[in-house]
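Listed in order, the protein sequences are those of chains A and B. Taking numbering that gives the first Met the number 0, the leading residue of the first sequence gets 0, the next gets one more, and so forth. Taking numbering that gives the first Met the number 0, the leading residue of the second sequence gets 0, the next gets one more, and so forth. A virtual CB, placed ideally from N, CA and C, is assigned to each residue, including glycine. What you are looking at is a predicted structure, and each value in this text was computed from that prediction instead of being measured.
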Amino acid sequence: MSTPAQQVVEGLKALMCDAVPSAREITFAGLSRAAGGLSRENWSFDASWTDASGTHSYPLMLMRDAAGTLLTTERSREFHVLKALKGSAVAAPVVHWMDPDGRFLGAPSVVMERVSGSCDYMVLNGSRPLPERLKLAHDFLELMANMQKFDWQLHGLGERLGVPQKSPAKTELHQWEAEYRRVQIEPHPELDYVLNWLDNNAPDAEAIVLVHGDFKPGNALIEDNVITAKLDWETAHLGDPLEDLGWITNPVRKSEHQIAGHWERAHIVAAYSKLTGRKVSDAALTWWNVFSCWKLSVIQLTAVHEFVSERYNRVFQTPSWLYRPMFHMMSGAR
Amino acid sequence: MRPTVEEQLQGTCRILETVVAPCVSDSYARTILDNLIANLRMLKVALPKVAGFVRDDNVATLSLLLAMQPALKTDLVGRIDTAAQAGEPDVADGAAIEERNRLLRALLAEAVCSPDLTPEIRRSIETHMINRAARAPMRYVPNAPAIITSTPET
Chain A
0 MSTPAQQVVE
10 GLKALMCDAV
20 PSAREITFAG
30 LSRAAGGLSR
40 ENWSFDASWT
50 DASGTHSYPL
60 MLMRDAAGTL
70 LTTERSREFH
80 VLKALKGSAV
90 AAPVVHWMDP
100 DGRFLGAPSV
110 VMERVSGSCD
120 YMVLNGSRPL
130 PERLKLAHDF
140 LELMANMQKF
150 DWQLHGLGER
160 LGVPQKSPAK
170 TELHQWEAEY
180 RRVQIEPHPE
190 LDYVLNWLDN
200 NAPDAEAIVL
210 VHGDFKPGNA
220 LIEDNVITAK
230 LDWETAHLGD
240 PLEDLGWITN
250 PVRKSEHQIA
260 GHWERAHIVA
270 AYSKLTGRKV
280 SDAALTWWNV
290 FSCWKLSVIQ
300 LTAVHEFVSE
310 RYNRVFQTPS
320 WLYRPMFHMM
330 SGAR
Chain B
0 MRPTVEEQLQ
10 GTCRILETVV
20 APCVSDSYAR
30 TILDNLIANL
40 RMLKVALPKV
50 AGFVRDDNVA
60 TLSLLLAMQP
70 ALKTDLVGRI
80 DTAAQAGEPD
90 VADGAAIEER
100 NRLLRALLAE
110 AVCSPDLTPE
120 IRRSIETHMI
130 NRAARAPMRY
140 VPNAPAIITS
150 TPET
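Here's what the structure looks like:
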């Protein structure tokens, strides 16, 4: 019986032969599974091959859907977004191949360039000096602004990702509500209460932009003091510009996104307005903050569902720690 | 009955930490193992509190539902009355207590979406939910990776 690593090598070879039929002398060196991927398996390796156009050698990453996952995602979404972003002002890995239905690798997978740098969830509150952390915080926001300026229509992403036909807030809410109902294994009156509030108070969007969907330092690579790549585009979609801004100003994740006294909600909103020229409605942003917590709750319930279905190897609980902050924000918005 | 459930969980954690973990060199497997040990430690503390928590929650949830009745539709009011009349299961019947909790929380999930809730009822709902969350004995044990390098791990 072959090991998981051997299965990955076999799958990669088959995928490559399908994508590059003239490829020969294919070698994959240094294959190893990186720790950390919560929603998928991340395999690192160096590939070389010869084809009709010459000899090639690349450091690559394979992202393969895990058997159990925190996020139900589509590899093809990530593949097409990364293809569109190539050469843009948004730092992102160059994507090579895709196995959309897992025909070669057993689960939907994408192979992309391995970008140098480290991923640090807590980089904004880590050991770096404050000026460096503030620069990175601003660079993350600028990256978001560049993403929102990206001409998705020109690059055909409307067809690939779907353009919201009603309010993007309602569209996202209803998609996540469907996920909530799919993974719910017991009644959660708290989440139904918040859902009802979100449904009755959804804001309209000022524009439709490319949204990352999980914008955080933990989804980026940093080398020295520079963001070398924004990763994990599998939840990218077209939506409200305030969605990603709501994610990073969400008070329950301050330690990841904010720097106390220097880079808090008001600073972030002011810098965002300067970068994008958009005025930010506080009520609308608060709605997205509540939505962020509610979505986070649903992601945790997905993990619970997958754990009890014996497909996920980490233990999660009902996200009761999120209820109080959601109620607090809802009360302030009334 | 010795070893108690808590003692067995405690001992299992100790064995996993001191005997098994040092032999696990694969970083992914080690991350998973650390998460499991942390969760077992949480369970050791939480387990003795679960039954009492669910019993108390049934009483508090029913009380809230009865107070909400003026803001609810007739059909839902009738189902709450039926649940109230059924009474609490025997204290030794854990499964029945859990099932009643599920029923009462399903009724509450429906009730909190009523369009006729007054600000006072909303406050009562939120107070109930915050108190319940504060007392919930089982907690997520975060064990997220801090730094992940993009270079291959051996």
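Chain B places a beta carbon closer than 8 Å to that of V314 of chain A, counting this residue as a contact.
Its Cα nearest to that of M325 of chain A, the residue A:V251 stands out among A:E309, A:H261 and A:V251.
If you draw a straight line from the Cα of P141 of chain B to the Cα of N34 of chain B, it is about 8 Å long.
At least one CB atom of chain A sits nearer than 8 Å to the CB of N34 of chain B.
Judged by DSSP in its simplified three-state form, S117 of chain A adopts strand. For M137 of chain B, the C-beta contacts it makes with chain A under 7 Å involve Q316, in order along the chain. By the criterion of a C-beta distance shorter than 6 Å, R29 of chain B is surrounded in its chain by V23, once the five residues flanking it on both sides are discounted. In the DSSP assignment, T49 of chain A falls outside any alpha helix (DSSP H) and within the unbroken beta strand (DSSP E) covering R39 to D50.
In its chain, beyond the 5 residues on either side, W42 have a beta carbon closer than 6 Å to the beta carbon of V7 of chain A. In the pairwise beta carbon analysis, the segment 143–151 of chain A is classified as touching the segment 234–251 of chain A: at least three pairs are separated by under 8 Å.
Just so you know, the alpha carbons of L116 of chain B and L84 of chain A end up roughly 47 Å apart. Cβ-Cβ distances below 6 Å link S31 of chain A to S43 in the same chain, with the five nearest sequence neighbours on each side left out; the list follows chain order.
Setting aside the 5 residues that flank it on each side, Y179 of chain A is surrounded in the same chain by V297, each with a C-beta closer than 6 Å to its C-beta; the list follows chain order. DSSP, read as helix, strand or coil, puts R23 of chain A in strand. Nearest to L46 of chain B by C-alpha distance, out of B:L65, B:V4, B:I31 and B:D56, is B:V4. Annotation: Cβ neighbours of M128 of chain B in chain A (cutoff 9 Å, chain order): P188, E189, Y192, S319, Y322, R323 and F326. In this structure, R63 of chain A lies away from S21 of chain A, with their beta-carbon atoms at least 8 Å apart.
Taking a C-beta cut-off of 7 Å against chain A, the contacting residues of the segment 101–126 of chain B are R101, R104, A105, L107, A108, V111, C112, I124 and E125, listed in chain order.
Using a Cβ distance threshold of 8 Å, D213 of chain A and T227 of chain A do not count as a contacting pair.
Residue contact with chain A for I96 of chain B: absent (no Cβ-Cβ distance below 8 Å to any residue of chain A). By alpha-carbon distance to V94 of chain A, the top candidate from A:A206, A:R264 and A:Y57 is A:Y57. Going by DSSP, L237 of chain A is part of the beta strand (DSSP E) stretching over H236 to G238.
Excluding the 5 residues flanking it on each side, G116 of chain A has same chain C-beta neighbours closer than 6 Å at L220, I221, E222 and T227, in chain order. At a beta-carbon threshold of 8 Å, the residues of chain B lying near N195 of chain A are V111 and C112, ordered along the chain. For A302 of chain A, the uninterrupted alpha helix (DSSP H) segment begins and ends at D281 to V307.
The C-beta of D55 of chain B has fewer than 16 other C-beta atoms within 10 Å across all chains shown, which makes the residue exposed. Secondary structure at D98 of chain A: strand, using DSSP grouped into helix, strand and coil. Inclusion of E87 of chain B and N57 of chain B in the CB contact set at 8 Å is warranted, their separation being smaller than that value. Here the alpha carbons of E77 of chain A and G161 of chain A stand approximately 14 Å from one another. At least one beta carbon of chain B lies nearer than 8 Å to the beta carbon of E185 of chain A. Legend: CB atoms of the segment 33–58 of chain B lying less than 8 Å from CB atoms of chain A belong to residues N34, L35 and N38.
Rounded to whole angstroms, the gap between the alpha carbons of L32 of chain B and A20 of chain B is 7 Å. With a contact defined as Cβ atoms closer than 8 Å, D231 of chain A and N218 of chain A qualify at about 4 Å. Exclusion of the five residues before and after V49 of chain B leaves P136 as the residues of its chain whose Cβ lies within less than 6 Å of its Cβ. Look at the beta carbons and you see the segment 302–309 of chain A touching the segment 182–192 of chain A: at least three pairs across the two are nearer than 8 Å. Looking only at A:F290, A:R74 and A:R23, the smallest Cα-Cα distance to S52 of chain A is reached by A:R23.
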